[in-house]
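Right, one structure below, let's go through it.
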Amino acid sequence: MNSAALFLTVFLACAVEAVEATTVVLAMGTARDWRSALSGVAAGLLLLVAVVAVLGPAISAVPLDALRLLVGGVLLIFGLQWLRKAVLRASGHKALHNEDAVFRQQLAAAQSASAGGRGLVPDWYGFTVVFKSVVLEGLEVVFIAVTFGANAHDVPVAAVAALIAILVVAGVGAVVRAPLSRVPENTMKFAVGVMLCAFGTFWGAEGAGVSWPGADLAIVVLVLLYGCVAVMLAAALRDRSKASS
Amino acid sequence: MITRLKGFARFWYDFFVGDDWTVAVGVVLALAATYALSVAGVNAWWITPAAVLILLAASVRRAARSRN
Numbered sequence: 000m001n002s003a004a005l006f007l008t009v010f011l012a013c014a015v016e017a018v019e020a021t022t023v024v025l026a027m028g029t030a031r032d033w034r035s036a037l038s039g040v041a042a043g044l045l046l047l048v049a050v051v052a053v054l055g056p057a058i059s060a061v062p063l064d065a066l067r068l069l070v071g072g073v074l075l076i077f078g079l080q081w082l083r084k085a086v087l088r089a090s091g092h093k094a095l096h097n098e099d100a101v102f103r104q105q106l107a108a109a110q111s112a113s114a115g116g117r118g119l120v121p122d123w124y125g126f127t128v129v130f131k132s133v134v135l136e137g138l139e140v141v142f143i144a145v146t147f148g149a150n151a152h153d154v155p156v157a158a159v160a161a162l163i164a165i166l167v168v169a170g171v172g173a174v175v176r177a178p179l180s181r182v183p184e185n186t187m188k189f190a191v192g193v194m195l196c197a198f199g200t201f202w203g204a205e206g207a208g209v210s211w212p213g214a215d216l217a218i219v220v221l222v223l224l225y226g227c228v229a230v231m232l233a234a235a236l237r238d239r240s241k242a243s244s
Numbered sequence: 000m001i002t003r004l005k006g007f008a009r010f011w012y013d014f015f016v017g018d019d020w021t022v023a024v025g026v027v028l029a030l031a032a033t034y035a036l037s038v039a040g041v042n043a044w045w046i047t048p049a050a051v052l053i054l055l056a057a058s059v060r061r062a063a064r065s066r067n
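Sequence lines, in order, name chains S and U. Under numbering that gives the first Met the number 0, the residue at position 80 of the first sequence is numbered 79, and the numbers go up by one with no gaps. Under numbering that gives the first Met the number 0, the residue at position 37 of the second sequence is numbered 36, and the numbers go up by one with no gaps.
Okay, here's the thing in structure tokens:
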């Protein structure tokens with residue numbers, strides 16, 4: 000597999016998840032207490048590192064064909080979830096993800112929540128909300144980076160892509176101190192959904208014993224096929240809902 | 000304890016399977032059919048992409064109808 004395609008897919012997926020986590024961190028830091036919010040980030044990252052430390056070697060120990068069949072299948076199910084939601088968003092059947100709105104909701108909830116600390120954490124509410132957000136968004140990042148890296152025999156590229164995405168998003172978030180609403184998050188989710196489906200199809204079928212016509216070039220064809228069909232589906236659903244309203 | 004276990008199982012179900020379980024079942028069936036044909040000597044590379052397109056179209060259509 001092309002290292003550039005691996006890098007791009009992992010980078011985009013991780014950036015999208017990092018944007019969502021950054022919004023929650025900014026809301027809790029702004030409304031509550033920065034020390035507790037950043038402690039939540041650190042605790043969440045520690046847990047994710049432990050997950051990678053367990054999951055990474057376990058995945059690497061699985062024989063390649065079985066790994067491709069299993070991971071390809073799971074990636075495909077995962078990717079279809081993303082793509083399904085992206086098509087529904089693009090067609091107006093699901094609300095677009097709006098970081099400004101999420102930020103305002105989190106801010107309002109944080110301001111009305113009761114104060115109080117535990118142990119070394121001055122604000123337990125801010126800490127737990129940030130911790131949960133980092134772990135939930137981070138699990139998707141870990142899953143995508145580890146599975147892509149293991150299947151492509153290039154864990155370092157996947158890990159670097161994930162790390163750069165997180166550092167870039169966190170860095171921009173720290174500088175602007177506002178939700179990253181200018182990031183074309185919905186478009187990125189659409190692209191990531193297409194790529195997850197394409198790679199999931201390729202690896203899953205290969206693990207099931209298929210020999211792809213054109214070898215690795217089949218991935219490009221799958222990306223184009225799924226991308227075009229998803230865009231057409233979104234357009235058709237949008238037209239249908241306009242006609243019925 | 001039971002509630003926590005249920006919550007844990009629910010989390011992983013939502014994480015991997017999501018809103019539409021038929022998509023997960025369809026993917027498993029498509030890969031199983033591909034494997035069975037491969038064992039029989041048929042290079043059935045087209046099954047999974049075809050299944051993906053059918054599953055995606057059916058799933059978004061169902062979701063759009065339920066939201067209208």
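Even for Gly, the Cβ is constructed at its ideal location relative to N, Cα and C.
Quiz item: Are the beta-carbon atoms belonging to Cys196(S) and Val51(U) less than 8 Å from one another?
Solution: Yes. Within cutoff.
Quiz item: Using 8 Å as the limit for Cβ to Cβ distance, is Phe77(S) near chain U?
Solution: For Phe77(S), a Cβ of chain U is located within less than 8 Å of the residue's own Cβ.
Exercise. Please confirm if the segment 126-141 of chain S is in contact with the segment 184-201 of chain S, defined as three or more CB-CB distances below 8 Å between the two stretches.
Key: No, the segment 126-141 of chain S is not in contact with the segment 184-201 of chain S.
Quiz item: Whose C-beta lies closer than 6 Å to the C-beta of Ala20(S) among residues of the same chain, with five residues either side of it excluded?
Solution: Short of 6 Å from the beta carbon of Ala20(S), and not among the five residues preceding or following it, lie these beta carbons of its own chain, in chain order: Ser132, Val133 and Glu136.
Self-check item: Near-chain U residues of the segment 178-207 of chain S (beta-carbon distance less than 7 Å), N- to C-terminal order
Solution: Those would be Cys196, Thr200, Gly203, Ala204 and Ala207, in chain order.
Self-check item: Close Cβ partners of Ser2(S) (< 7 Å) along its chain, the five nearest in sequence each way excluded
Solution: Once the five neighbours on either side are set aside, the close Cβ partners of Ser2(S) are Asp153 and Val156.
Practice problem: Go ahead and pull the three-state DSSP assignment for Val50(S). | Solution: In this structure, Val50(S) counts as helix in the three-state DSSP scheme.
Quiz item: Taking contact to mean at least 3 C-beta pairs separated by less than 8 Å, is the segment 160-172 of chain S in contact with the segment 66-78 of chain S?
Solution: In this structure the segment 160-172 of chain S does not touch the segment 66-78 of chain S; the number of beta carbon pairs closer than 8 Å is below three.
Self-check item: Any 3 or more C-beta pairs closer than 8 Å across the segment 200-209 of chain S and the segment 26-33 of chain U
Solution: In short, these stretches touch, since the Cβ pair count reaches three.
Practice problem: Say whether the segment 213-222 of chain S touches the segment 33-43 of chain U, bearing in mind that this needs 3 or more beta-carbon pairs closer than 8 Å, one atom from each stretch. | Solution: Result no; under three Cβ-Cβ pairs closer than 8 Å.
Quiz item: From the beta carbon of Thr33(U), is the nearest beta carbon of chain B less than 8 Å away?
Solution: In the structure shown, chain B does not exist; the protein chains are S and U.
Quiz item: Exposed or buried, what is Val175(S) when buried is set at 16 or more other beta-carbons lying within 10 Å of its beta-carbon?
Solution: Classified as exposed, Val175(S) has fewer than 16 neighbouring CB atoms from the shown chains inside 10 Å of its CB.
Exercise. Excluding the 5 residues preceding and the 5 following Ala42(S) in the sequence, name in chain order all residues of the same chain whose CB lies nearer than 7 Å to its CB.
Key: The residues are Phe130.
Quiz item: DSSP on Arg176(S), reduced to helix/strand/coil?
Solution: Three-state result, Arg176(S): coil.
Quiz item: Can you tell me the Cα-Cα spacing of Asp99(S) and Ala57(U), whole angstroms?
Solution: The straight-line gap from Cα to Cα measures roughly 32 Å.
Exercise. Buried or exposed for Thr8(S), please, with buried defined as at least 16 other CB atoms from any protein chain shown within 10 angstroms of its CB.
Key: Per the 10 Å Cβ criterion, buried.
Quiz prompt | Of the listed residues Leu179(S), Val145(S), Ser111(S) and Arg83(S), nearest to Ala14(S) (C-alpha basis) | solution = Looking at Leu179(S), Val145(S), Ser111(S) and Arg83(S), the one whose alpha-carbon comes closest to that of Ala14(S) is Leu179(S).
Quiz item: If you compare alpha carbons, which of Val145(S), Gly172(S) and Ala85(S) is closest to Val159(S)?
Solution: Nearest C-alpha to Val159(S) among Val145(S), Gly172(S) and Ala85(S): Val145(S).
Exercise. Could you please give the first and the last residue of the uninterrupted alpha helix (DSSP H) stretch that includes Gly72(S)?
Key: First-last of the alpha helix (DSSP H) with Gly72(S): Leu63 to Ala89.
Quiz item: Beta-carbon of Gly6(U) versus every beta-carbon of chain S: anything under 8 Å?
Solution: Not an interface residue.
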